[in-house]
Amino acid sequence: MKKSLVFWVEEYFYNPNLFQKLVSIFFLPLSWLYCFGMWVRFKLKNPQDFGIKIISVGNLSVGGSGKTPLVIALAQRYENVAIILRGYGRESRGLYVIKNRDKILCDVKVSGDEAMIYAHKIPHATVIVSEDRKEGIKKAKEMGINVVFLDDAYSKHDIKKLDILIAVESKNSFCLPSGAFRERLWSGKKALILKEGVDFRRVVELKDRCDKMSLVTAIARPNRLDKFLPDVKAKHCFEDHHPFTKDELDEILRDDGVDSLLVTYKDFVKVKEFGLPLSLLDLYMEVDDKIFKMIDNYKG
Numbered sequence: 288m289k290k291s292l293v294f295w296v297e298e299y300f301y302n303p304n305l306f307q308k309l310v311s312i313f314f315l316p317l318s319w320l321y322c323f324g325m326w327v328r329f330k331l332k333n334p335q336d337f338g339i340k341i342i343s344v345g346n347l348s349v350g351g352s353g354k355t356p357l358v359i360a361l362a363q364r365y366e367n368v369a370i371i372l373r374g375y376g377r378e379s380r381g382l383y384v385i386k387n388r389d390k391i392l393c394d395v396k397v398s399g400d401e402a403m404i405y406a407h408k409i410p411h412a413t414v415i416v417s418e419d420r421k422e423g424i425k426k427a428k429e430m431g432i433n434v435v436f437l438d439d440a441y442s443k444h445d446i447k448k449l450d451i452l453i454a455v456e457s458k459n460s461f462c463l464p465s466g467a468f469r470e471r472l473w474s475g476k477k478a479l480i481l482k483e484g485v486d487f488r489r490v491v492e493l494k495d496r497c498d499k500m501s502l503v504t505a506i507a508r509p510n511r512l513d514k515f516l517p518d519v520k521a522k523h524c525f526e527d528h529h530p531f532t533k534d535e536l537d538e539i540l541r542d543d544g545v546d547s548l549l550v551t552y553k554d555f556v557k558v559k560e561f562g563l564p565l566s567l568l569d570l571y572m573e574v575d576d577k578i579f580k581m582i583d584n585y586k587g
């Protein structure tokens, strides 16, 4: 997806101009049908109790919200912990144990970028990818895990869990396709809503800085990075989970005439093997202790 389209979609979902508002209104009948269907799906699900503590971290809207660094910040506090996620962007299918307590067991093509971030950032954690989150939980239990964090699993209403949602500001409050929202916080569905600046704050560390850098990233809503960016010569934004090639990155280095490519950790795990000069925009979160107390008090 080209840079201009990436930003157009982000603007349409979160800060629409007049034309985009008209497009959004045009799709409203489809949005109402979609939202009704998601409500029916929620009502028909009966949560299964797996007998261990399960915490889901995500958001109601499409696109990035910071759930990955939040999961890292939370899971780092717990021993005998597993992170289970679908593994978007991976070339594999089915269930894979990406990392056990001791070592990483596969490469990023099998794991996907987000699972590999967890594997690197939480040394003591088990990381599992599976389209079927229930199968992932069963595997974690077999491995002796007693605390599970689910990445982006609010919609898994058939799993008994504590739902943590990151509040995302948007001037377009409709459901897909008119707006960014995949679901609502349905009546009868409890969730812990976290707000930036109240419940957590983002901290960015710039590593291996160079005088001349160009940003290269494949994350959702790349404009979120703007407030953290140093001076860069250019910004190259790709579709979320884009599988970079060495040739395209070599071309950016050459055409921009820069000393290094500035990447996020999500990009870093996919391109570090290319041997190119990289600078890293490393994001982590500081979470209020009251959130950990709520998790500790959740009995599962």
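Using the numbering used here, you'd call the opening residue of the sequence shown number 288 and step up by one each time. By construction, the Cβ of each residue, glycine as well, lies at the ideal position given by its N, Cα and C atoms.
{"Item": "Between residue 565 and the ligand GDP, is the CB less than 7 angstroms from at least one heavy atom?", "Value": "Absent from the structure shown: the ligand GDP. Ligands present: none."}
{"Item": "Have a look at 360, 560 and 418 and flag the residue whose alpha-carbon is nearest the alpha-carbon of residue 378.", "Value": "418"}
{"Item": "Please state whether DSSP places residue 345 in a helix, a strand or coil.", "Value": "strand"}
{"Item": "Using the three-state DSSP reduction, which class does residue 626 fall into: helix, strand or coil?", "Value": "The requested residue 626 is not part of the displayed model; the chain covers only 288 to 587."}
{"Item": "Checking 8 angstroms against the spacing of the C-beta atoms, do residue 385 and residue 421 come in under that value?", "Value": "no"}
{"Item": "Near residue 467, what residues of its chain come up, given a Cβ to Cβ distance below 7 angstroms and the 5 sequence neighbours on each side ignored?", "Value": "300, 301, 348, 349, 350, 457 and 459"}
{"Item": "Tell me, to the nearest whole angstrom, how far the beta carbon of residue 531 is from that of residue 507; I am working on the premise that it is less than 8 angstroms.", "Value": "Going by Cβ atoms, the distance from residue 531 to residue 507 rounds to 16 angstroms, so no, they are not a contact pair."}
{"Item": "Which same chain residues, not among the five before or five after residue 516, have their C-beta less than 7 angstroms away from its C-beta?", "Value": "502"}
{"Item": "Just to confirm before moving on: does the CB-CB distance between residue 415 and residue 371 stay below 8 angstroms?", "Value": "yes"}
{"Item": "Pull the bridge partners of residue 497 from the DSSP assignment, please.", "Value": "According to DSSP, which records beta bridges pairwise, residue 497 is partnered with nothing at all."}
{"Item": "Entirely within the region 481-548 and at least 4 residues each: give me those alpha helix (DSSP H) ranges in chain order.", "Value": "533-543"}
{"Item": "Residue 497 and residue 322 - do their beta-carbons sit closer together than 8 angstroms?", "Value": "no"}
{"Item": "Where in the region 376-401 do unbroken runs of the alpha helix (DSSP H), each at least 4 residues long, occur, reported from the N-terminal end onward?", "Value": "395-398"}
{"Item": "Could you tell me the distance, in whole angstroms, from the CA atom of residue 413 to the CA atom of residue 335?", "Value": "22 angstroms"}
{"Item": "Where does residue 312 fall in DSSP's three states?", "Value": "helix"}
{"Item": "Pick out whichever of 368, 362, 318 and 570 has its Cα sitting closest to the Cα of residue 492.", "Value": "570"}
{"Item": "Run through DSSP, which three-state label would residue 436 get?", "Value": "strand"}
{"Item": "In this structure, does DSSP put residue 430 in helix, strand or coil?", "Value": "coil"}
{"Item": "Could you check what DSSP says for residue 288 in three-state terms: helix, strand or coil?", "Value": "A caution first: residue 288 carries a pLDDT of 48, below 50, which makes its placement in the model unreliable, though a value can still be read off. In this structure, residue 288 counts as coil in the three-state DSSP scheme."}
{"Item": "Report buried or exposed for residue 304, applying the criterion of at least 16 other Cβ atoms within 10 angstroms of its Cβ.", "Value": "exposed"}
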